[in-house]
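**Q**
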Amino acid sequence: MRSVEPMQGYRPSERRRRSMIRRKEMPLWQELPLLLVVAFCLAVLIRTFLVQAFYIPSGSMEKTLLVKDRVLVNKVVYDLRDPVRGEIVVFRGTDNWAPEVTEPVSNSFGAKLGRTIGDLVGVSRPGERDFIKRVIGLPGDKVACCDDKGRITVNGVGIDESYIADGYNSDLNQPPNPTQCTSRRFAEITIPQGEMFVMGDHRAVSQDARCQGPVPIKNIIGRAFVIVWPSSRFTSLSVPDVWKTYAADHPTAAAEGRVPVRRDDPAADAFVLPILFSAALSARSGLLFVTRRRRLRS
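Read in order, the letters of the sequence shown correspond to residues 1491 to 1788 in our numbering.
In structure tokens:
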């Protein structure tokens, strides 16, 4: 059998280095558009599947959230677990939910094009039925107001809501109105399967489940977990201690067989997230994390 002698002086590593030296670098005028395209694609993926920024336009969550605050919303958390009482969530309202804040919208071609592009990268106004409220009741819970101390009750237990500032609660003496949430009092309601009962922290102005009805859990967009702007108000939006105590004493809702998942196919995230992670690693280190600044109805 004939042997093959190795090539004299063959050094693969040096050859590869010489090839790299000879290869011309991409000019800046070509590289910059490529980076912008990568940044745009990352922004769309992040906004769609991971984190979204929302703008607070009204005072229905004061003083927890103030007008012009900006919050980050985790969009995948409820694909992994159920909502928890006391959490602040962003959701799409049903047909029963009337917009609390309406603004004129230009229908010119330029305005429509700008809204379309902005919606992709997360710098646009929302639909009229996006709201932000606090979860009060889960499927099977019995929610009512009020007990002898003027508190809401969940399954007969009074809740001391210390996060409601003095003067921000609704009128205890005003009779209930089925079309307006101006009264603190409302009849007991049993939350249907697959739905949740939500309320704003500024009960005197918030239009919420008291008069507009529960909301399907599948309508949740995500959980608001931190205030990011203005910087002076940077803080996490954790579950209040009163709800943690209640959860410890009542770990599940009264009914069984809840349908908490927001998406029909959570496996879609398992396919998309590795792609997103790979794209992030391949992007240049100078690219900035971009999230959606989106105005919502609170």
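The beta-carbon is built from N, C-alpha and C at its ideal position, and this holds for glycine as well. If you're wondering where the values come from, they're calculated on a predicted model, not measured in any experiment.
#1: Thinking C-alpha only, which one of Asn1645, Gly1646, Arg1674 is nearest glycine 1657?
#2: From Glu1651, Ala1634, Asp1650, pick the residue whose C-alpha is nearest to that of threonine 1643; which is it?
#3: Quick one: give me the first and last residue of the beta strand (DSSP E) that valine 1474 is part of.
#4: Exposed or buried, leucine 1518, counting other C-beta atoms within 10 Å across all chains shown (16 or more means buried)?
#5: For phenylalanine 1715, name the three-state secondary structure that DSSP assigns.
#6: Please confirm whether histidine 1692 and glycine 1549 have their CB atoms less than 9 Å apart.
#7: Within the same chain, show all residues whose beta-carbon is closer than 7 Å to that of phenylalanine 1581, passing over the 5 residues directly before and after it, in chain order.
#8: Skipping 5 residues on each side, what residues in its chain have a beta carbon closer than 6 Å to that of glycine 1583?
#9: Span of the beta strand (DSSP E) holding cysteine 1635?
#10: What does the alpha-carbon distance come out to for the pair leucine 1727 and valine 1716?
#11: Going by DSSP, what residues sit across from serine 1673 in a beta bridge?
#12: Considering only residues of the same chain and omitting the five flanking positions on each side of aspartate 1698, which have a CB-CB separation below 7 Å?
#13: Kindly identify the DSSP beta-bridge partner or partners of proline 1706.
#14: DSSP three-state label for valine 1732, please.
#15: Need the endpoints of the alpha helix (DSSP H) that valine 1567 sits in, please.
#16: Count the other CB atoms within 10 Å of the CB of proline 1730; is the residue buried (16 or more) or exposed (fewer)?
#17: Based on Cα-Cα distance, which residue from Val1541, Val1695, Lys1553, Ile1546 lies nearest to arginine 1713?
#18: Report all residues from its chain with a CB closer than 6 Å to the CB of leucine 1555; omit the five preceding and five following residues, and keep chain order.
#19: Measure the alpha-carbon distance for threonine 1725 versus aspartate 1572 and round it to whole angstroms.
#20: To which residues does DSSP link phenylalanine 1724 through a beta bridge?
**A** Straight from the coordinates:
#1: Locating residue 1657 in the sequence shown gives position 167, counting from the first residue. Looking at Asn1645, Gly1646, Arg1674, the one whose alpha-carbon comes closest to that of glycine 1657 is Arg1674.
#2: Counting from one through the sequence shown, the residue named residue 1643 turns up at place 153. The shortest C-alpha separation from threonine 1643 is found at Ala1634.
#3: Lying before the first or after the last residue shown, residue 1474 is absent from the chain, which here runs from 1491 to 1788.
#4: Taking the first residue of the sequence shown as 1, we reach residue 1518 at position 28. So leucine 1518 ends up on the exposed side.
#5: Within the sequence shown, the letter at position 225 stands for residue 1715. Residue state, collapsed to three classes: strand.
#6: Stepping through the sequence shown from its first residue, residue 1692 is reached at position 202. Stepping through the sequence shown from its first residue, residue 1549 is reached at position 59. In this structure, histidine 1692 places its C-beta atom within 9 Å of the C-beta atom of glycine 1549.
#7: Locating residue 1581 in the sequence shown gives position 91, where the first residue counts as 1. These residues qualify, in order along the chain: Phe1621, Val1705, Asn1709, Ile1710, Ile1711.
#8: Here residue 1583 corresponds to residue number 93 of the sequence shown, with the count starting at 1. Answer for glycine 1583: Arg1619, Phe1621, listed in chain order.
#9: Here residue 1635 is taken as the residue at index 145 of the sequence shown, counted from 1. Looking at the DSSP string, the run of the beta strand (DSSP E) that includes cysteine 1635 is 1632-1635.
#10: Within the sequence shown, numbered from 1, the residue matching residue 1727 stands at position 237. Within the sequence shown, numbered from 1, the residue matching residue 1716 stands at position 226. Straight across, the Cα-Cα distance linking leucine 1727 with valine 1716 is about 5 Å.
#11: To locate residue 1673, count along the sequence shown from 1; it is residue 183. Asp1661, per the DSSP bridge assignment.
#12: For the purposes of this step, residue 1698 is taken as the residue at position 208 of the sequence shown. Cβ-Cβ distances below 7 Å link aspartate 1698 to Lys1623, Cys1671, Val1688, Met1689, Gly1690 in the same chain, with the five nearest sequence neighbours on each side left out; the list follows chain order.
#13: Here residue 1706 is taken as the residue at index 216 of the sequence shown, counted from 1. In the DSSP assignment, proline 1706 forms a beta bridge with Glu1685.
#14: Within the sequence shown, numbered from 1, the residue matching residue 1732 stands at position 242. DSSP places valine 1732 in helix when its eight states are reduced to three.
#15: Taking the sequence shown and counting its residues from 1, the one referred to as residue 1567 is at position 77. Unbroken alpha helix (DSSP H) run through valine 1567: 1567-1570.
#16: Here residue 1730 corresponds to residue number 240 of the sequence shown, with the count starting at 1. The residue is buried, with at least 16 neighbouring Cβ atoms inside 10 Å.
#17: The residue you call residue 1713 lines up with position 223 of the sequence shown. Measuring from the Cα of arginine 1713, the nearest candidate turns out to be Val1541.
#18: As a first step, residue 1555 is located in the sequence shown; it is residue number 65 there, counting from the start. Apart from sequence neighbours up to five positions away, the residues of its chain that approach leucine 1555 with a beta-carbon distance below 6 Å are Ile1546, ordered along the chain.
#19: Here the question's residue 1725 lines up with position 235 in the sequence shown. Here the question's residue 1572 lines up with position 82 in the sequence shown. Approximately 23 Å between the Cα atoms of the pair.
#20: Along the sequence shown, read from residue 1 onward, the residue named residue 1724 stands at position 234. Its beta-bridge partners do not exist; DSSP assigns none.
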